[in-house]
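Numbering (my numbering), first residue to last: 6 to 350.
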């Protein structure tokens, strides 16, 4: 009985969120094709609810949202011509960056996360904000209050709100994603995890040539099951926040994350080498795309986890661990970005 009531409530909430998203698109895009797409997809979902269960419906919702995202970003709904790989769409640089930043390992995993626990649950206000950011739609809260607490006028897509220190900006983002890494690493057998720590507490010489590095604080310290130690520093970066780098970031996927990784290495490498600990920058673009070193770190940790569970050759078990990591991190990134924007209002 409880399961039936729970499903009905979930279905009702999902339907309401879907219609809100539909109305957002209807306001932003002229014509009716996208509205009919969303309506048809919702009918398919509700008809399949009992037959396929929550997992099947989740897949349909995921596919529809991905299709709607792609249509919105590529501008397919505004004209009769449909862009192809041979004829690239006429997107501006911000649109190209946003499209590339929504792709990559785990970048869209949050859309397929089933909210069975707090790590995979996004509350409706945050979900709506994350979807509007992803689709480059105006955020109503910013329309109603266009001036930030710092005195500057906000852009209506939330870029200023995401980077402004008003409301705890960067700290709020790093804390949420760092907590997700902490919990995932804690779940790896024989892995010891610590939070933020100073380089001095790890043994950096107070009077040596690197004495000024003594108070630097990476977000994460962990000892892996194989005995290696790693220092990580979590960063979320808006790839469209710097107008002087738009052209370069638009030409290559993950360019903003790669640049930030380089800056983190410059900041921490000397001190980490002095104490004999490997440094890994854990960088995400706020539209979801992880940096290359973050991808390699997640792959390494998945391998360590499967080895410790004795399931190295079990493809199904390995895929479950991969899904759990990327969905947990992806949800954390979107919650962090959305909550930072709303906290600045």
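Built from N, CA and C at the ideal position, the CB exists for glycine as well. All figures in this text were calculated on a predicted structure; none of them were measured in a lab.
**Q.** Where residue 138 sits in the DSSP three-state scheme
**A.** helix
**Q.** Nonlocal neighbours in the same chain, by C-beta distance under 6 Å from residue 51, ignoring five residues either side
**A.** Low local confidence applies: a pLDDT of 48 at residue 51 is under 50, so the model's placement there is unreliable, with the coordinate-based value given in what follows. Excluding positions up to five away in sequence, the list is empty.
Q. For residue 152, which beta-bridge partners are listed by DSSP?
A. 158
Q) Leaving out the 5 sequence neighbours to the left and right, which residues in its chain are closer than 7 Å to residue 85 when beta-carbon positions are compared? A) In this prediction, residue 85 scores a pLDDT of 38, lower than 50, which makes its location untrustworthy; no coordinate-derived value is stated.
Q. Just the Cα atoms here: how many angstroms apart are residue 330 and residue 219?
A. 32 Å
Q. Where do the N-terminal and C-terminal ends of the beta strand (DSSP E) with residue 201 fall, by residue?
A. Taken as a continuous stretch (DSSP letters only), residue 201 belongs to no beta strand (DSSP E), as it is neither H nor E.
Q. In three-state terms, what does DSSP make of residue 207?
A. helix
**Q.** Backbone CA spacing between residue 90 and residue 327 [nearest angstrom]
**A.** Low confidence applies to residue 90: its pLDDT is 38, below 50, so where it sits in the model is not reliable, and the reading given next is rough at best. Between residue 90 and residue 327, the C-alpha separation is close to 30 Å.
Q) Identify the residues that DSSP records as bridge partners of residue 290: which are they? A) 242
**Q.** Residue closest to residue 230, alpha-carbon to alpha-carbon, out of 299, 310, 212, 113
**A.** 310
Q) Can the beta-carbon of residue 178 be found closer than 9 Å to that of residue 203? A) no
Q: Leaving out five residues on either side along the sequence, give the residues of the same chain with a beta carbon under 8 Å from the beta carbon of residue 187.
A: 198, 200, 225
**Q.** Contact check, residue 181 vs residue 344, beta carbons under 9 Å
**A.** yes
Q: Can you give me the Cβ contacts of residue 334 inside the same chain, cut-off strictly under 8 Å, excluding the 5 residues immediately before and after it?
A: 111, 114, 182, 185, 186, 189, 289, 295, 303
(Q) What does the alpha-carbon distance come out to for the pair residue 251 and residue 259? (A) 12 Å
Q) Going by DSSP, what residues sit across from residue 285 in a beta bridge? A) 237
(Q) For residue 267 and residue 205, what's the separation of their Cα atoms in angstroms? (A) 23 Å
Q. Under 9 Å between the Cβ atoms of residue 99 and residue 337?
A. no
Q | Nearest-angstrom beta carbon gap, residue 287 and residue 238 [assumed within contact, 8 Å] | A | 7 Å
**Q.** Residue span of the alpha helix (DSSP H) that contains residue 345, given as start and end
**A.** 320-348
Q | As assigned by DSSP and simplified to three states, the class of residue 225 | A | strand
Q | Buried or exposed (CB count within 10 angstroms, at least 16 for buried), residue 169 | A | buried
**Q.** Supposed contact pair residue 147 and residue 133 - C-beta distance, whole angstroms, cut 8 Å
**A.** No, residue 133 and residue 147 are not in contact; Cβ-Cβ is about 13 Å, not under 8 Å.
Q: Please name the residue or residues paired with residue 295 in a DSSP beta bridge.
A: 289
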